[in-house]
DNA sequence: AAGCAGGCTTGATCCGGATCAAATTGGCTC
DNA sequence: GAGCCAATTTGATCCGGATCAAGCCTGCTT
């Protein structure tokens, strides 16, 4: 790899702390590839050949079973994904496709596993990343099991607002149909859920959401009792 | 700690590969404690002071939100739990309570974090454990999002059978109400789900389940497309 | 500017699972 | 063995969300 994005990638939590020469070893065997929108990057059940780092664009992680499918996560740049499959060297549990045109760094999985063994800093970063990913999944699962759809939506809006700086203005980065799938509901019901939240402190205009009454919203959605530490 | 169980605990994947002296360092600062049934070990939101290792007994991990609660996992001996909270040093995302009388090894969380840094083998084991836990969560989430209740039950029975040796006889280790909570349904509906599966290849007698027609059962529940490697 | 297509919304209906309310069962104590 | 308590099962009803079916709006094509 020989690209302008190298420093940016090197700054990722995953690669930040590791030895320079090991990082160079990883990067020199990796390559950056551009993918058009709507392209399937890999599918559930396949053997993981590469650790993926989304440098630019947007990627959907989704799972399929019993003829249906559902979105497990939406990956925004710059982030690595499917670390767990690479580390365990087991088949993917999800498929991935680009939503927008995307540039992705492909790091050979076997190399990752090898360098991880040699470089404790990388291993530690990997461990942290996995622990965080696990916690995110726990949250997603309890969200799904304990809250109903409008509450889930409200919570997601609060989270997004928090991540975007707490301004009370949230802009959706994806189509609503995708958001619906992520939240585990149909597009129809997402639309209705926005309707419900309309009388709970939110106003919606296309992809632009405004929190007009945060207190009312929080009262309705009952946010997570445990706030995540700001990373 | 000075107990008969030490060798058994030392054989856990988490502690198996590490340096002997580091392991001893961990064990010497840990202590084994006996808890009666139905006792809350810790609660969601608390700061993790100890890594727990269930030596004997049964523990429920559950989450609470919005006045409801749901079971996230059931821990059987011998297994460590809440590694992720310990590693990240962030508040628990779930609560834990004993189901049966249990003996638990309590390992100071700060010590774990420290030794992990010094002992790469332990770190690697931690990383693997977290990766596996993450994958389990992904499965649980997709299960919840994509399958309906009788299918979830059928799948759980198949998994259990697989883990218990594939004999076609599965014995439930917990009350059915707890199983219902794990599967994300009410006890009433669990009962009805067993009824449904009655005509799909299984028969139930109290806690004893018999798979009488595996093909029929698999056709109905559409098992995970990706089989887990036997650990 | 008309036509079209895809995504979003709205309305009507259906279905899975929750809730509420009784039975029934099974292990216990006395 | 009677009585009791908790777990489970069964039945009736209700509700959230899915599905089906139109409309609608926006951006793009021709």
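Chains as they are written, first to last, in my numbering: chain R, 148 to 378; chain F, 148 to 378. Idealized CB from N, CA, C, for every residue including glycine.
In the DSSP assignment, the beta strand (DSSP E) including residue i goes from what residue to what residue?
i, result
"residue 255(F)", "249-255"
"residue 209(F)", "205-212"
"residue 371(R)", "No beta strand (DSSP E) holds residue 371(R); DSSP gives it neither H nor E."
"residue 243(F)", "242-245"
"residue 223(R)", "215-223"
"residue 179(F)", "178-182"
"residue 188(R)", "187-189"
Would you please verify whether the beta carbon of residue i is less than 9 Å from any beta carbon of chain R?
i, result
"residue 301(F)", "no"
"residue 340(F)", "no"
"residue 371(F)", "yes"
"residue 234(F)", "yes"
"residue 165(F)", "no"
"residue 363(F)", "no"
"residue 377(F)", "The predicted position of residue 377(F) is uncertain, since its pLDDT is 47 and thus under 50; no value can be drawn from it."
"residue 321(F)", "no"
"residue 238(F)", "yes"
"residue 304(F)", "no"
"residue 221(F)", "no"
"residue 205(F)", "no"
"residue 327(F)", "no"
"residue 277(F)", "yes"
"residue 273(F)", "yes"
Going by alpha carbons, who is nearest to residue i out of the options?
i, options, result
"residue 167(R)", "321(R), 324(R) and 265(R)", "265(R)"
"residue 221(F)", "230(F), 300(F), 273(F) and 326(F)", "326(F)"
"residue 256(F)", "232(F), 163(F) and 299(F)", "232(F)"
"residue 365(F)", "342(F), 165(F) and 303(F)", "303(F)"
"residue 274(F)", "161(F), 156(F), 154(F) and 157(F)", "161(F)"
"residue 317(R)", "300(R), 239(R) and 230(R)", "300(R)"
"residue 179(F)", "151(F), 164(F) and 209(F)", "151(F)"
"residue 236(F)", "260(F), 253(F), 305(F) and 362(F)", "260(F)"
"residue 169(R)", "329(R), 263(R) and 372(R)", "263(R)"
"residue 374(F)", "368(R), 324(R) and 238(R)", "238(R)"
"residue 333(F)", "215(F), 372(F) and 208(F)", "215(F)"
"residue 362(R)", "315(R), 351(R), 356(R) and 254(R)", "315(R)"
In terms of residues, what are the limits of the alpha helix (DSSP H) holding residue i?
i, result
"residue 320(R)", "It is not in any alpha helix (DSSP H) - residue 320(R) carries neither H nor E in the DSSP assignment."
"residue 368(R)", "361-368"
"residue 232(R)", "230-235"
"residue 169(R)", "167-175"
"residue 271(F)", "267-293"
"residue 155(F)", "153-157"
Distance cutoff 9 Å, beta carbons only. Does residue i sit that close to anything in chain F?
i, result
"residue 264(R)", "yes"
"residue 331(R)", "yes"
"residue 290(R)", "yes"
"residue 297(R)", "no"
"residue 169(R)", "no"
"residue 216(R)", "yes"
"residue 226(R)", "no"
"residue 211(R)", "yes"
"residue 421(R)", "Chain R is shown only over 148 to 378; residue 421(R) falls outside these bounds and no answer can be derived."
"residue 287(R)", "yes"
"residue 293(R)", "yes"
task = Determine contact between the region 184-199 of chain R and the region 283-298 of chain R, defined as no fewer than three beta-carbon pairs at a distance below 8 Å.
result = Flag = no, the region 184-199 of chain R and the region 283-298 of chain R do not touch.
ask   = Quick one: complete alpha helix (DSSP H) runs, 4+ long, within the region 295-353 of chain R?
value = 296-310, 323-329 and 334-345
task = Say whether the region 217-235 of chain R touches the region 174-183 of chain R, bearing in mind that this needs 3 or more beta-carbon pairs closer than 8 Å, one atom from each stretch.
result = Proximity of the region 217-235 of chain R to the region 174-183 of chain R falls short of the contact definition, fewer than three beta-carbon pairs being nearer than 8 Å.
key: Segment contact flag, the region 177-184 of chain F with the region 234-250 of chain F, C-beta cutoff 8 Å, min 3 pairs   = yes
message = Under 8 Å, with one C-beta from each stretch per pair, do the region 346-357 of chain R and the region 279-287 of chain R reach the 3-pair mark?
response = no
request  = Check whether the region 266-273 of chain R touches the region 202-221 of chain R, counting contact only when three or more Cβ pairs, one atom from each stretch, lie closer than 8 Å.
outcome  = no
message = Whether or not the region 199-207 of chain F and the region 249-258 of chain F are in contact is what I'm after, with contact meaning three or more pairs of Cβ atoms, one per stretch, closer than 8 Å; do they touch?
response = yes
ask   = Does the region 336-345 of chain R come close enough to the region 305-312 of chain R that 3 or more CB-CB pairs lie under 8 Å?
value = No, they do not touch.
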